[in-house]
Amino acid sequence: MKTASVMIIVSVIIGGCNTPSPHFRGIDPVRITVEASVFDVRVKSETAEVIRINPEYAPRFSNIKNRAGIAGTTVSGCRVKEILGDQALAIIRLDCDQANQR
């Protein structure tokens, strides 16, 4: 019984690693690799949620932030206005004006 309980708890924790926030629920992620980071990217309107899903030893946010920005731009086709977050999750405000798209 004890082993089954531990397995259930571990499954819930692992399953939550790339779970979207409520604003992005129902949006299928696009998986993208940028350098050493693998991200699930969800885009809604002019906002992207970028979740890093691979393990990395002591990553600095400055490195992850740049990679997350590239991932968000690649998936959305929009320019980055602002990136907020941490090593695991970044929220990106996008500029999706037709004149500004790459």
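Numbering (our numbering), first residue to last: 50 to 151.
Every residue, glycine too, gets a C-beta built ideally from N, C-alpha and C.
- Of the candidates Ile100, Val99 and Ile113, the residue whose Cα lies closest to the Cα of alanine 85 is Ile113.
- The three-state secondary structure of serine 86, taken from DSSP, is strand.
- With contacts defined as CB atoms closer than 9 Å, isoleucine 140 and alanine 97 qualify as a contacting pair.
- Checking the DSSP bridge columns, you'll see glutamate 131 partnered with Arg142.
- DSSP places alanine 137 in the coil class of the three-state scheme, outside both helix and strand.
- A distance below 7 Å between beta-carbons, with the five flanking residues on each side excluded, links valine 92 to the following residues of its chain, in chain order: Val124 and Ser125.
- Non-local C-beta neighbours of isoleucine 76 in its own chain, meaning closer than 8 Å and more than five positions away in sequence, comprise Pro69, Arg91, Val92 and Lys93, ordered along the chain.
- In the three-state scheme derived from DSSP, where H, G and I count as helix and E and B as strand, alanine 107 is classed as coil.
- The three-state secondary structure of arginine 80, taken from DSSP, is strand.
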